[in-house]
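Colleague:
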Amino acid sequence: MPVYNAPTKDTQFILHNVLKVSESDIPGYSELEAEFTGAVLEEAGKVATNVLHPLNVVGDTEGCRLENGIVYTPTGFKGAFEQVKEGGWTGLDMPEEYGGQNMPYVMGTAVGEMFSAANQAFTMYQGLTHGAASAILAHGTDEQKNKYLPNMVSCEWTGTMNLTEPHCGTDLGLMRTKAEPQGDGSYKITGQKIFISSGDHDMADNIIHLVLAKIPGGPEGIKGVSLFIVPKFIVNEDGSLGERNGVSVGKIEEKMGIHGNSTCVMNYDDSTGWLLGEEHKGMRAMFTMMNEARLGVGMQGLAQAEAAFQNALEYAKDRLQGRDVTGVKNPDGPADPLIVHPDIRRNLMDQKSFTEGARAFILWGATMIDKAHRSSDKDADGLISLLTPVIKGFLTDQGYDMTVQAQQVYGGHGYIEEWGMSQYTRDARIAMIYEGANGVQALDLVGRKLAQDGGKHVMAFFEMVKTFCKENGGQNEAYDKAFIEPLKAASKDLQAAGMYFMQEGMKNPNNALSGSYDFMHMFGHVCLGLMWAQMAKAAQDALDGGASDTEFYETKINTGRFYMARRLPATSMHLARIQTGADTVMALEAANF
Numbered sequence: 008m009p010v011y012n013a014p015t016k017d018t019q020f021i022l023h024n025v026l027k028v029s030e031s032d033i034p035g036y037s038e039l040e041a042e043f044t045g046a047v048l049e050e051a052g053k054v055a056t057n058v059l060h061p062l063n064v065v066g067d068t069e070g071c072r073l074e075n076g077i078v079y080t081p082t083g084f085k086g087a088f089e090q091v092k093e094g095g096w097t098g099l100d101m102p103e104e105y106g107g108q109n110m111p112y113v114m115g116t117a118v119g120e121m122f123s124a125a126n127q128a129f130t131m132y133q134g135l136t137h138g139a140a141s142a143i144l145a146h147g148t149d150e151q152k153n154k155y156l157p158n159m160v161s162c163e164w165t166g167t168m169n170l171t172e173p174h175c176g177t178d179l180g181l182m183r184t185k186a187e188p189q190g191d192g193s194y195k196i197t198g199q200k201i202f203i204s205s206g207d208h209d210m211a212d213n214i215i216h217l218v219l220a221k222i223p224g225g226p227e228g229i230k231g232v233s234l235f236i237v238p239k240f241i242v243n244e245d246g247s248l249g250e251r252n253g254v255s256v257g258k259i260e261e262k263m264g265i266h267g268n269s270t271c272v273m274n275y276d277d278s279t280g281w282l283l284g285e286e287h288k289g290m291r292a293m294f295t296m297m298n299e300a301r302l303g304v305g306m307q308g309l310a311q312a313e314a315a316f317q318n319a320l321e322y323a324k325d326r327l328q329g330r331d332v333t334g335v336k337n338p339d340g341p342a343d344p345l346i347v348h349p350d351i352r353r354n355l356m357d358q359k360s361f362t363e364g365a366r367a368f369i370l371w372g373a374t375m376i377d378k379a380h381r382s383s384d385k386d387a388d389g390l391i392s393l394l395t396p397v398i399k400g401f402l403t404d405q406g407y408d409m410t411v412q413a414q415q416v417y418g419g420h421g422y423i424e425e426w427g428m429s430q431y432t433r434d435a436r437i438a439m440i441y442e443g444a445n446g447v448q449a450l451d452l453v454g455r456k457l458a459q460d461g462g463k464h465v466m467a468f469f470e471m472v473k474t475f476c477k478e479n480g481g482q483n484e485a486y487d488k489a490f491i492e493p494l495k496a497a498s499k500d501l502q503a504a505g506m507y508f509m510q511e512g513m514k515n516p517n518n519a520l521s522g523s524y525d526f527m528h529m530f531g532h533v534c535l536g537l538m539w540a541q542m543a544k545a546a547q548d549a550l551d552g553g554a555s556d557t558e559f560y561e562t563k564i565n566t567g568r569f570y571m572a573r574r575l576p577a578t579s580m581h582l583a584r585i586q587t588g589a590d591t592v593m594a595l596e597a598a599n600f
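Going from the sequence shown to our numbering is simple: count from 1 and add 7.
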């Protein structure tokens, strides 16, 4: 049985030593004192470890089942959902007027990592609800907010997002689902949606589906898409549940992973829906969900990597195999533990340096969302918009790779189900695909986000890196060599790639697009390099200030040194690939593959 322990101490270090949240002028952040955040995270960790984690393997082995039109979740899920609801975890960062606790988004993100690491499939039920509620909060009328949000914030009712159809995924302009106006403000929704996470289940009284559809006579393609609220049960004027809507489950998808989540084919047969936002502006409203969901999915990549790493580390310390080439380390046993071997150390350091760097990156991103929303800061909004495809694409690609590396530590035992390691890999795999496949994230980054607002936000990022290096370099030779110099070099690689796109992309757009995936990963490495430079500085400051837990801070610095020396140099490889252009990528005719 795998183990999981919430990384509370590391999260606290990032929040208070690195991000210094309680010193921020973002509204609500002054309340985030270490004692308060520590109490929240400790309680969340208990729920993750004691309630959610034991059900992870149950959900994987049992899955969900559809019987006589009813979807049943795995054994124990309903009881755990009640505990999560009772603890107020579902509305942690939602407005108080709708029953939430109004904590900053950064706290919801920190707790979300713990819950997802413990049980990703389970946590998706409330995660999708949060996204749907956020869309209604941002685009709904007062009547819609009052009608749906209190029960969605508490998760008495859950929510979904319905985009994909059998013939269209990313290209939503091809969708066929129709919304016929009825003259009373409602619409009749007809069509089929697939891959709908948490599409139906037995844990909530009602499910509020947000459905993209086209109103007849509207503009062609994506410009003619609108978003509708389509509840499973019609909500009466007094808030009680009325008749069943024309919404049914066609089937539960059979998937590689996240078996505990009911991924459904949803059929809408003259179901009643209400417009959310404006006609033909559905993508604007849906992207409120999508951007939040993409950050959440990036966090899932981190979460699965963290859970897999914890188990691989324990196994490496316990499993006896071979002898240390420099001398026996376990003379009383027949062999030394795996962790003495350099290649196992390399494997574990890859994982550790990624998860800790990614955690800082995610939490930093969450503070930008708070700054954008709570302080109406357009620069913060622009920067997180730029970084969203990097968070989603880079962290899920790398997170999946780290679960594979964790499997590798186990050798053959990692491949059989008895040890539970394959679930982390299978569950992590979907994060690279849903909420916009990672290739699409890379195209979005290069094709849209770099040039957004005249390139203002990417230039602001480069300036941020430059300023950090200038303010923190030149004081400590060892720190400069280990952190400042590698960060400068990586940032220059990233700038060179951006310059290449500007110069060559105008001549041939394929020169930019064929390098977009490498650019996304290069950008991700630079972001983690910046995080590690900041964490190493914070750790050294703590040591210089006489912190008692010297082992923690020294470990942090040494882990950062590894990332900067062994992982960050990947930027030069990505740059070399980008600068080859599109010729070799596009050389073959389709018939010659």
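Where is the CB? At the ideal position from N, CA and C, for every residue including glycine.
Computed from a prediction, not measured in an experiment: that's the story for all the values here.
For I391 and A367, what's the separation of their Cα atoms in angstroms?
Modeller: Translated into the one-based positions of the sequence shown, residue 391 becomes position 384. Translated into the one-based positions of the sequence shown, residue 367 becomes position 360. For I391 and A367, the distance between alpha carbons rounds to 14 Å.
Colleague: Residues bridged to C271 by DSSP?
Modeller: Residue numbering aside, residue 271 sits at position 264 when the sequence shown is read from its first letter. I203 and I259, per the DSSP bridge assignment.
Colleague: With H, G and I counted as helix, E and B as strand and the rest as coil, what does DSSP make of R251?
Modeller: Taking the sequence shown and counting its residues from 1, one reaches residue 251 at position 244. R251: strand per DSSP, three-state reduction.
Colleague: For I423, count neighbouring Cβ atoms within 10 angstroms of its own Cβ and tell me buried if that reaches 16, exposed if not.
Modeller: Looking up residue 423 in the sequence shown gives position 416. When all chains shown are included, I423 counts as exposed.
Colleague: Run through the DSSP bridge pairs and tell me what L327 is partnered with.
Modeller: Working through the sequence shown from its first residue, we reach residue 327 at position 320. Its beta-bridge partners are P344.
Colleague: Buried or exposed, going by whether 16 or more other CB atoms sit within 10 Å of the CB of I77?
Modeller: Taking the first residue of the sequence shown as position 1, residue 77 is located at position 70. I77 comes out exposed.
Colleague: Taking the alpha-carbon positions, what's the P223 to A300 distance?
Modeller: Against the sequence shown, residue 223 aligns to sequence position 216. Against the sequence shown, residue 300 aligns to sequence position 293. Between P223 and A300, the C-alpha separation is close to 29 Å.
Colleague: Whole angstroms is fine: what's the gap from E244's alpha carbon to Y155's?
Modeller: As a working mapping, residue 244 is identified with position 237 in the sequence shown. As a working mapping, residue 155 is identified with position 148 in the sequence shown. Roughly 12 Å between the two C-alpha positions.
Colleague: Touch check for the segment 119-133 and the segment 82-99: three-plus C-beta pairs under 8 Å?
Modeller: Enough Cβ pairs lie closer than 8 Å, so yes.
Colleague: Round the Cβ separation of I33 and K463 to the nearest angstrom and send it over; I've been treating them as touching at under 8 Å.
Modeller: Here residue 33 refers to the residue found at position 26 when the sequence shown is read from its first residue. Here residue 463 refers to the residue found at position 456 when the sequence shown is read from its first residue. Not confirmed; about 21 Å, so no contact.
Colleague: Taking the beta strand (DSSP E) that P188 belongs to, which residues open and close that run?
Modeller: Residue numbering aside, residue 188 sits at position 181 when the sequence shown is read from its first letter. K185 to P188 is the extent of the beta strand (DSSP E) around P188.
Colleague: Measuring straight from C-alpha to C-alpha, what distance separates G481 and D500?
Modeller: Locating residue 481 in the sequence shown gives position 474, counting from the first residue. Locating residue 500 in the sequence shown gives position 493, counting from the first residue. Rounded to the nearest angstrom, the two C-alpha atoms are 22 Å apart.
Colleague: In the DSSP output, what is N12 paired with across the bridge?
Modeller: The residue you call residue 12 lines up with position 5 of the sequence shown. Note: N12 sits in no beta bridge, so no partner.
Colleague: Give me the Cα-Cα distance between A51 and V118, rounded to the nearest whole angstrom.
Modeller: Along the sequence shown, one-based indexing puts residue 51 at 44. Along the sequence shown, one-based indexing puts residue 118 at 111. Approximately 6 Å between the Cα atoms of the pair.
Colleague: Does DSSP put H216 in a helix, in a strand, or in coil?
Modeller: Against the sequence shown, residue 216 aligns to sequence position 209. Of the three classes helix, strand and coil, the one that applies to H216 here is strand, per DSSP.
Colleague: DSSP beta-bridge partners for F526?
Modeller: Residue mapping note: residue 526 aligns to position 519 of the sequence shown, counting from 1. F526 is not bridged to any residue.
Colleague: Going by other Cβ atoms of all chains shown within 10 Å of its Cβ, with 16 needed for buried, is T130 buried or exposed?
Modeller: Numbered from its first residue, the sequence shown carries residue 130 at position 123. By the neighbour-count rule (16 or more Cβ atoms within 10 Å), T130 is buried.
Colleague: Of all the CB atoms in chain D, is at least one closer than 7 Å to the CB of M580?
Modeller: No chain D appears in the structure shown, which is made up of a single protein chain.
Colleague: Look at the alpha carbon of V25 and the alpha carbon of Y105, and state the distance between them as a whole number of angstroms.
Modeller: Residue mapping note: residue 25 aligns to position 18 of the sequence shown, counting from 1. Residue mapping note: residue 105 aligns to position 98 of the sequence shown, counting from 1. Their backbone Cα atoms lie some 32 Å apart in a straight line.
Colleague: May I have the straight-line CA-CA distance separating D388 from P576, to the nearest angstrom?
Modeller: Position 381 of the sequence shown, counted from the first residue, corresponds to residue 388. Position 569 of the sequence shown, counted from the first residue, corresponds to residue 576. If I take the Cα positions, the gap works out to 29 Å.
Colleague: Restricting to Cα atoms, I'd like to know which of V347, L320, Y322 and A319 is closest to D331.
Modeller: Translated into the one-based positions of the sequence shown, residue 331 becomes position 324. Among V347, L320, Y322 and A319, the Cα nearest to that of D331 is on V347.
Colleague: Would you tell me roughly how many angstroms separate the C-alpha atoms of S255 and T15, rounded to the nearest one?
Modeller: For this step, residue 255 is matched to residue 248 along the sequence shown. For this step, residue 15 is matched to residue 8 along the sequence shown. Going from the Cα of S255 to the Cα of T15 covers about 41 Å.
Colleague: Judging by CA-CA distance, which residue of R433, P396 and I398 is the nearest neighbour of Q414?
Modeller: Locating residue 414 in the sequence shown gives position 407, counting from the first residue. When only C-alpha atoms are compared, the closest one is R433.
Colleague: Which word fits L452, buried or exposed, when buried means at least 16 other C-beta atoms lie within 10 angstroms of its C-beta?
Modeller: For the purposes of this step, residue 452 is identified with residue 445 of the sequence shown, where counting begins at 1. Buried, because 16 or more other Cβ atoms sit within 10 Å of the Cβ of L452.
Colleague: May I ask which residues mark the beginning and end of the beta strand (DSSP E) holding L457?
Modeller: Sequence index remark: in the sequence shown, residue 457 carries index 450 (1-based). Element bounds for L457: n/a, residue is neither H nor E.
Colleague: Please go through the same chain and pick out, in chain order, the residues whose beta-carbon is closer than 7 Å to the beta-carbon of D212, but skip the five residues on each side of it.
Modeller: On the sequence shown, residue 212 is found 205 positions in, with the first residue counted as 1. Excluding positions up to five away in sequence, the list reads E163, W164 and L248.
Colleague: What would DSSP say about G180, mapped onto helix, strand or coil?
Modeller: To locate residue 180, count along the sequence shown from 1; it is residue 173. Reduced to three states, the DSSP call for G180 is helix.
Colleague: Decide yes or no for the touch test of the segment 583-598 against the segment 514-525: beta carbon pairs closer than 8 Å, at least 3 of them.
Modeller: Short answer: they touch.
Colleague: Counting only runs that start and end within the segment 375-444, where is the alpha helix (DSSP H) found for 4 or more residues in a row?
Modeller: Runs found: 385-416 and 428-436.
Colleague: Please tell me whether V533 and S579 are closer than 7 Å, where the distance is taken between their beta carbons.
Modeller: Here residue 533 refers to the residue found at position 526 of the sequence shown. Here residue 579 refers to the residue found at position 572 of the sequence shown. It is not a contact, given that the beta carbons lie outside the stated cut-off.
Colleague: With distance defined between alpha-carbon atoms, name the residue in G303, D339 and I351 nearest to I398.
Modeller: Start at 1 with the first residue of the sequence shown, and residue 398 comes out as number 391. Answer by Cα proximity: G303.
Colleague: What do you get for V218, buried or exposed, if any count of 16 or more other CB atoms within 10 angstroms of its CB means buried?
Modeller: Here residue 218 refers to the residue found at position 211 of the sequence shown. By the neighbour-count rule (16 or more Cβ atoms within 10 Å), V218 is buried.
Colleague: So, for M110: in the same chain, excluding its five sequence neighbours on each side, which residues have a beta-carbon less than 8 Å away from its beta-carbon?
Modeller: Residue mapping note: residue 110 aligns to position 103 of the sequence shown, counting from 1. Once the five neighbours on either side are set aside, the close Cβ partners of M110 are G35, V47, L99 and D100.
Colleague: Within the same chain, show all residues whose beta-carbon is closer than 7 Å to that of G364, passing over the 5 residues directly before and after it, in chain order.
Modeller: As a position in the sequence shown, residue 364 is number 357, starting the count at 1. If we look at G364 and ignore the five residues flanking it on each side, its Cβ neighbours are L535, M538, W539 and Y570.
Colleague: Kindly list the residues whose CB is nearer than 8 Å to the CB of Q502, restricted to its own chain and excluding five residues on each side of it in sequence; keep chain order.
Modeller: Residue mapping note: residue 502 aligns to position 495 of the sequence shown, counting from 1. Within the same chain, Q502 has close Cβ partners F469.
Colleague: Just how far apart, CA to CA, sit V64 and M529?
Modeller: For the purposes of this step, residue 64 is taken as the residue at position 57 of the sequence shown. For the purposes of this step, residue 529 is taken as the residue at position 522 of the sequence shown. Cα-Cα distance, rounded: 35 Å.
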